[in-house]
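In the working numbering, the protein residues as written are 14 to 484.
Quick look at the structure:
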């Protein structure tokens, strides 16, 4: 006999359901916008944009909530407030859209003005902006980033007024494993800025220039899959990063398990409009680059051989590099990993233009300059030189258009040291301190070679590359 679903599972399923409904409505309204020849800055276009944003945020919120479960218990009541209100807005829009007795223009006009009048002149774009901002604040709380209790309460009051104006009954209190929850307002003050962060949290945290790849394949998750609520992820586990693929049809959440302090990958896909999940530790997977995709293989006990667990397809060269290096570093430094072979430590599909030993933040590293076969992109790559972690990534840095400037690279007076200006490092370990190498006169990044000759070879390489690009 199946056990009844708990409130947390019901509400998270509600997030995915309303995200699906939002996508469906956004698609219908975009078709209406095109048919009416409405400009991209019209109210209709703004409505489509806000509804699509709500869909993405709800899926992200639900993905993260399954890992950061110690924070989830505080956002279930707020979800129970916003989801019914959002659902009614979407179903009302569909009802207006389906009035085939009216022309398309009158359907839109009727929808816009009637729904605006029912809540004291609040426009449709502004209504969905409220939903989006509220879901964003809940997402931020789940990620343990600073959120204003005052702003949450202010938006909550507006949503409660929306519910009242539209005849939605008062939300009941939610229970988590039979225990009544407190709301976000009841949480004692927590100084989130004092929490220790993991290096992997910073890899995809801010934007950077992207080199497009000819991605024509589809991301796939081959499982085995289970329904929402199947995996009992330990309390106080921590999301490290989340990436979405194919318009958020598939998502990957990498997290640190609080029980064994090891990294795990949680894949979410949809089948028949329902979310399905597959979970594996980094120590249980092998990774390989295949063109514009990364393939993960798992060992099948039943078949007694390896099987593809997932194929993730990327639109940008930088993204595939960062995901690969992040995975390899997490796996190599994982206490449960039995083996991480030399082939797995190399990304592949790129040429090695330069290699030398360097002294880097009191460590002895190997510095390599790679050029990608598909895009021609250049990157610097520092790896562990020897020992158990040999070849494991330490940091990588992409060579951007700034490298064409004549002052991008220059030698210091010692001649063994090279200064690089305007370069961003992506660091893949906790012990490396980039600021210790920012020793140039104006904060340039300093590379300490083992000899004058190696520093000269490095400088000449970029001089030659710059000359070739200018021709």
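Cβ coordinates follow ideal geometry from the N, Cα and C atoms, glycine included. Remember, it's a predicted structure, so these values are computed and weren't measured experimentally.
In the DSSP assignment, find the unbroken alpha helix (DSSP H) run with residue 44 in it and report its ends.
Per DSSP, residue 44 belongs to the alpha helix (DSSP H) from 20–49.
On the criterion of 16 or more Cβ atoms from any shown chain inside 10 Å, does residue 471 qualify as buried, or is it exposed?
With 16 or more other Cβ atoms within 10 Å, it is buried.
Whose C-beta lies closer than 7 Å to the C-beta of residue 216 among residues of the same chain, with five residues either side of it excluded?
Answer for residue 216: 254, 335, 339, 439, listed in chain order.
Check whether the region 380–388 touches the region 355–368, counting contact only when three or more Cβ pairs, one atom from each stretch, lie closer than 8 Å.
A contact exists between the region 380–388 and the region 355–368.
Taking the beta strand (DSSP E) that residue 396 falls in, what are its first and last residues?
It spans 391–397 - the beta strand (DSSP E) in which residue 396 sits, taken as one unbroken run.
Please confirm whether residue 305 and residue 248 have their CB atoms less than 7 Å apart.
The answer is no: Cβ separation not under 7 Å.
What does DSSP give as the partner residue(s) for residue 241 in the beta ladder?
Looking at the DSSP assignment, residue 241 forms no beta bridge with any residue, so it has no partner.
Using only the alpha-carbon positions, how far apart do residue 135 and residue 37 sit?
If you take the alpha carbons of residue 135 and residue 37, they lie about 23 Å apart.
With DSSP as the reference, label residue 201 as helix, strand or coil.
Because the pLDDT of residue 201 is 47, which lies under 50, any placement of that residue in the model is unreliable, and the question is left without a value.
Less than 7 Å between the C-beta atoms of residue 429 and residue 465, yes or no?
Yes. Within cutoff.
On a CA-only basis, which of 480, 468, 451 is nearest residue 12? Give me that one, please.
What the structure shows of the chain is the stretch from 14 to 484, and residue 12 is not part of that stretch, so it cannot be assessed.
Do residue 241 and residue 26 count as a contact pair if the criterion is CB distance below 7 Å?
For residue 26 and residue 241, yes; Cβs fall inside 7 Å.
Using C-beta distances below 6 Å, list every residue in its chain close to residue 330, excluding the 5 sequence neighbours before and after it, in chain order.
So the list reads 224, 226, 385, 388, 390, once near-sequence residues are dropped.
Note the first and the last residue of the continuous beta strand (DSSP E) segment covering residue 121.
No beta strand (DSSP E) holds residue 121; the alpha helix (DSSP H) holding it covers 117–130.
By alpha-carbon positions, which one of 421, 462, 436, 455 ends up nearest to residue 478?
The candidate whose alpha carbon is nearest that of residue 478 is 421.
Do residue 73 and residue 152 have their C-beta atoms closer together than 7 Å?
Their beta carbons are under 7 Å apart, which means residue 73 touches residue 152 by this criterion.
On the three-state DSSP scale, how would you describe residue 421?
Correct three-state label for residue 421: coil.
With distances taken from CA atoms, which of 99, 88, 222 is nearest residue 143?
The residue with the shortest Cα to Cα distance from residue 143 is 99.
Nearest to residue 274 by alpha carbon, out of 346, 232, 314, 288?
Closest option to residue 274, Cα to Cα, is 346.
I'd like the span of the beta strand (DSSP E) that includes residue 212, first residue to last.
From DSSP, residue 212 is part of no beta strand (DSSP E); its letter is neither H nor E.
Shortest alpha-carbon distance to residue 289 belongs to which of 409, 75, 327?
Measuring from the Cα of residue 289, the nearest candidate turns out to be 75.
Touching or not, the region 164–176 and the region 88–102, by the rule of three or more beta carbon pairs under 8 Å?
They touch, by the three-pair rule.
Going by other Cβ atoms of all chains shown within 10 Å of its Cβ, with 16 needed for buried, is residue 192 buried or exposed?
Low confidence applies here, because residue 192 scores a pLDDT of 43, under 50, leaving its location unreliable and the question unanswered by this model.
Please report the Cβ distance between residue 292 and residue 277, rounded to the nearest whole angstrom; I am assuming they are in contact, meaning their Cβ atoms lie under 8 Å.
Residue 292 to residue 277, Cβ: 6 Å. Contact.
Per DSSP, which residues does residue 318 bridge with? Please list them.
The partner list for residue 318 (beta bridge, DSSP) reads 313.
Do residue 460 and residue 371 have their C-beta atoms within less than 7 Å of each other?
Closer than 7 Å, so yes.
Can you tell me the Cα-Cα spacing of residue 316 and residue 300, whole angstroms?
So the two alpha carbons sit approximately 19 Å from each other.
Bridge partners for residue 410 per DSSP, in chain order?
Bridge partners of residue 410: 393.
Which same chain residues, not among the five before or five after residue 204, have their C-beta less than 7 Å away from its C-beta?
Because the pLDDT at residue 204 is just 49, under 50, the model does not fix this residue reliably, and the point stays unresolved.
In chain order, what residues of the same chain have a beta carbon less than 7 Å from the beta carbon of residue 378, not counting five sequence neighbours either side?
The residues are 371, 395, 396, 397, 398, 407.
When the Cα atoms are used, what is the spatial distance from residue 341 to residue 176?
Whole-angstrom Cα-Cα distance: 48 Å.
Buried or exposed for residue 40, going by 16 or more other Cβ atoms inside 10 Å?
Burial call: exposed.
For residue 213, does the count of other Cβ atoms within 10 angstroms reach 16, so buried, or fall short, so exposed?
Flag for residue 213 reads buried.
Take residue 24 as the anchor and find which of 416, 124, 95, 118 has the nearest alpha-carbon.
For the residues 416, 124, 95, 118, the minimum Cα distance to residue 24 belongs to 95.
Within 7 Å of any Cβ in chain C, is that where the Cβ of residue 45 sits?
Among the chains in the structure shown there is no chain C, since it carries only a single protein chain.
If residue 349 and residue 246 are in contact, beta carbons under 8 Å, what's the gap, nearest whole angstrom?
Residue 349 to residue 246, Cβ: 16 Å. No contact.
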